[in-house]
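Peer 1: Oh and the sequence shown: position 114 is 121 in this note's numbering, straight run, nothing missing. Please see the structure below; I have some questions.
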Amino acid sequence: MRLAVVAWLLVGCHPYIAAGYDPSAAVHGPLATTMTAPSAQSYDAAIGGGARDFTVELGLHAHEVSSQSFALPSATMTGPRYLTSSASFDVTWTWLRWHHLSSGLHAGPAAMMLLDRTTGAVDWGKGVRYGARVGVTFSIVTAFVDFSRTAVGFDGGVAQGFSDVTGLMVGLELR
8 MRLAVVAWLL
18 VGCHPYIAAG
28 YDPSAAVHGP
38 LATTMTAPSA
48 QSYDAAIGGG
58 ARDFTVELGL
68 HAHEVSSQSF
78 ALPSATMTGP
88 RYLTSSASFD
98 VTWTWLRWHH
108 LSSGLHAGPA
118 AMMLLDRTTG
128 AVDWGKGVRY
138 GARVGVTFSI
148 VTAFVDFSRT
158 AVGFDGGVAQ
168 GFSDVTGLMV
178 GLELR
């Protein structure tokens with residue numbers, strides 16, 4: 008039975024892994040005051056699978072990471088005070104395929120973590136992530152561009168209220 012489940016996961020559901028870089032993330036709302044690191048970048052990684060036109064994906068997103076993000080906090084700290092990351096569970100519909108090109112729409116629930124590096128306090132937000140993507144496939148590799156928006160609400164802490172993070176991720180997917 009286990010072998011059948013593993014075979015279905017590996018063959019029947021078209022599994023994939025993806026990773027990308029977001030050179031143009033923008034933050035709006037109360038969360039914007041916590042994410043002001045200069046020269047910081049955002050990164051995404053995902054695993055997923057499903058049928059040809061519909062897939063599910065678990066994504067992990069590190070927002071505004073810089074070389075100082077993981078340095079020990081000090082009185083003369085030059086890096087960001089807060090670290091922000093999110094996770095999402097998206098359902099994707101690939102609605103157009105033409106030769107090597109494809110496009111799709113995705114949406115799903117998201118959770119965001121805001122860590123204060125100086126105190127260790129963690130605030131959690133919940134919301135939704137949605138977007139659209141265009142890809143070019145060659146063999147088992149797809150180069151893609153994904154525009155997404157994560158709308159999230161925090162019940163308390165420094166980012167209390169509604170915020171959103173938008174971005175344009177450029178990445179590769181391996182199927």
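Ideal placement from N, C-alpha and C gives every residue a C-beta, glycine not left out.
How many angstroms separate the CA atom of residue 124 from the CA atom of residue 152?
Peer 2: As a working mapping, residue 124 is identified with position 117 in the sequence shown. As a working mapping, residue 152 is identified with position 145 in the sequence shown. Rounded to the nearest angstrom, the two C-alpha atoms are 32 Å apart.
Peer 1: Could you check where the beta strand (DSSP E) with residue 42 kicks off and where it finishes?
Peer 2: Locating residue 42 in the sequence shown gives position 35, counting from the first residue. Note, residue 42: premise wrong, no beta strand (DSSP E); not H, not E.
Peer 1: Tell me residue 64's beta-bridge partners as DSSP assigns them.
Peer 2: Position 57 of the sequence shown holds residue 64. Looking at the DSSP assignment, residue 64 forms a beta bridge with 55, 97.
Peer 1: Output needed for residue 149: all residues of its chain with C-beta closer than 6 Å, excluding positions within five of it in sequence on either side, in chain order.
Peer 2: The count along the sequence shown starts at 1 and reaches residue 149 at position 142. Hits under 6 Å: 142, 180.
Peer 1: Grouping DSSP H, G and I as helix and E and B as strand, with all else coil, what is residue 76?
Peer 2: The residue given as residue 76 occupies position 69 in the sequence shown. Residue 76: coil per DSSP, three-state reduction.
Peer 1: Could you round the C-beta distance between residue 117 and residue 92 to whole angstroms and report it? I think they count as a contact, below 8 Å.
Peer 2: Counting from one through the sequence shown, the residue named residue 117 turns up at place 110. Counting from one through the sequence shown, the residue named residue 92 turns up at place 85. 11 Å between Cβ atoms; not a contact.
Peer 1: According to DSSP, is residue 124 helix, strand or coil?
Peer 2: Residue mapping note: residue 124 aligns to position 117 of the sequence shown, counting from 1. In the structure shown, residue 124 sits in coil (DSSP, three-state: anything other than H, G, I, E or B).
Peer 1: Run through the DSSP bridge pairs and tell me what residue 92 is partnered with.
Peer 2: Looking up residue 92 in the sequence shown gives position 85. In DSSP, residue 92 forms a bridge with 69, 120.
Peer 1: Would DSSP call residue 113 helix, strand or coil?
Peer 2: The sequence position of residue 113 within the sequence shown is 106, counting from 1. Strand, per DSSP.
Peer 1: Would the segment 19-30 and the segment 54-61 be scored as touching if the rule is three or more Cβ pairs under 8 Å?
Peer 2: Yes, the segment 19-30 is in contact with the segment 54-61.
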